[in-house]
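S.K.: In my numbering, each number is its position in the sequence shown, counted from 1, plus 51.
First the structure, then my questions, so here it is.
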Amino acid sequence: MDMEQQNNQHQPLRFLVFSASLRNDSLNTRLAKLAALAVEKNGGKVDFANMSEFDCPSFNQDLETKGVFPDGAKEFRKRLLANNAFIISSPEYNGSMPGFLKNAVDWVSRVRPQPFNERHALLMSASPSMAGGNRALWSLRIPFEHLGARVFPDMFSMAMAHKAFTPEGNIADETLAKRFEDNLVAFMNLVEAATHYPCIKKAWVEFLGERSDPVTERVE
Ligand SMILES: Cc1cc2nc3c(=O)[nH]c(=O)nc-3n(C[C@H](O)[C@H](O)[C@H](O)COP(=O)(O)O)c2cc1C
């Protein structure tokens, strides 16, 4: 184990938690704040952000050629690199992700090394609709997976979000509140395993006790 890995073992995992809404009274900001509390309760360290910090002018390759790289993209990149993983709570606009979020992702994707690559991500949404903005999350998977992000299989979409919170900002329904926290904890466990226990890749093969055998060997 090198020095960096040893140091990592004693540091809490860091999560960038951000609400991808520019609206003041955003339902997604409420959900992101709950996610931040759940991460801290379960031993993680939170770096909280709002979309206004990462918002960028429309991507234009001519600007890029002139050496322009917007402050919002610089900040987004910096915060991605400073954390072990990121959690987004995104609104759904017309069955997809908000344009300003995709725009910020496009700007950041131009940097090398490309910051989304191999970074773990958890996707959430909140909407007054019955589907909770879930289609925005499926659409978000496409650019993130294209960029090599490890997007967690389980996602959380809060339906009827305008009625789902208590006055204190918690999820009113107990079953849903438990599912929300369980989902986050499962994500945190995966990030922990990937960050601190990369040896698991080797241990997995050994545990199965596999032996090289031409009959069972996978043919490429
Ligand atoms: C342009 C626009 C399109 C929208 N399209 C959808 C949609 O397709 N599905 C949905 O569930 N809600 C849709 N909504 C409603 C948003 O989910 C709702 O405004 C939500 O509160 C936005 O998230 P926020 O509160 O975090 O800002 C749309 C809202 C806007 C402004």
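Just so it is clear, CB atoms sit at the ideal spot from N, CA and C, and this is done for glycine as well.
If distances are taken between C-alpha atoms only, which option among His197, Leu88 and Phe105 comes closest to Val236?
M.R.: Leu88
S.K.: Would you call Met239 buried or exposed, if buried means 16 or more other Cβ atoms sit within 10 Å of its Cβ?
M.R.: If you draw a 10 Å sphere on the C-beta of Met239, you find 16 or more other C-beta atoms in it, and that means buried.
S.K.: Which whole-angstrom value describes the C-beta separation of Gly123 and Ala155, a residue pair presumed to lie in contact below a C-beta threshold of 8 Å?
M.R.: Going by Cβ atoms, the distance from Gly123 to Ala155 rounds to 6 Å, so yes, they are a contact pair.
S.K.: Considering His197, what are the terminal residues of the alpha helix (DSSP H) in which it resides?
M.R.: Asn185 to His197
S.K.: Identify which residue in Gly94, Pro166 and Val119 has its Cα closest to the Cα of Leu311.
M.R.: Summary: the structure shown does not reach residue 311, with the chain confined to residues 52 through 271, and so no result is reported for it.
S.K.: Mind the definition here: the stretch 177-195 touches the stretch 139-151 only if three or more C-beta pairs lie below 8 Å; say whether that holds.
M.R.: yes
S.K.: Could you check whether the Cβ of Ser176 sits closer than 6 Å to any heavy atom belonging to ligand 1?
M.R.: no
S.K.: Quick one: what's got a C-beta closer than 6 Å to Glu271's C-beta in the same chain, skipping five residues either side?
M.R.: Since pLDDT at Glu271 reaches only 46, below the 50 mark, its modelled position is unreliable, and the value read off the structure follows with that caveat. Spatial neighbours of Glu271 in its own chain (CB-CB distance under 6 Å, excluding positions within 5 residues in sequence) are not present.
S.K.: Do you know offhand how far Lys129's Cα is from Ser72's?
M.R.: About 20 Å.
S.K.: Contact between the stretch 77-93 and the stretch 211-223: three or more CB pairs below 8 Å?
M.R.: Segments in contact, yes.
S.K.: I need the DSSP call for Phe99, collapsed to helix, strand or coil.
M.R.: strand
S.K.: Just grab the DSSP bridge partners of Leu173 for me.
M.R.: Ile138
S.K.: Give the list of continuous alpha helix (DSSP H) stretches no shorter than 4 residues that lie fully inside the stretch 105-171.
M.R.: Within the stretch 105-171, the complete alpha helix (DSSP H) runs of at least 4 residues are 112-116, 122-132 and 150-159.
S.K.: With a cut-off of 8 Å, do at least 3 Cβ pairs link the stretch 100-109 to the stretch 65-80?
M.R.: Touching, yes.
S.K.: Check whether the Cβ of Asn154 lies closer than 6 Å to any heavy atom of ligand 1, and answer yes or no.
M.R.: no
S.K.: What did DSSP end up calling Leu73 once you bin it into helix, strand or coil?
M.R.: coil
S.K.: Is DSSP giving Leu82 helix, strand or coil here?
M.R.: helix
S.K.: Hey, would you say the C-beta of Pro149 is under 6 Å away from at least one heavy atom of ligand 1?
M.R.: no
S.K.: Please name the residue in His213, Asn185 and Ser176 whose C-alpha comes closest to that of Ala83.
M.R.: Ser176
S.K.: Closest by CA to Asn111, which one among Lys96, His197 and Arg161?
M.R.: Arg161
S.K.: Mark Phe209 as exposed unless 16 or more other C-beta atoms lie within 10 angstroms of its C-beta, in which case mark it buried.
M.R.: Checking the sequence, you will find Met at residue 209 rather than Phe. Met209 is classed as buried because its beta carbon has at least 16 other beta carbons within 10 Å across all chains shown.
S.K.: Does the Cβ of Phe195 have 16 or more other Cβ atoms within 10 Å, making it buried, or fewer, making it exposed?
M.R.: buried
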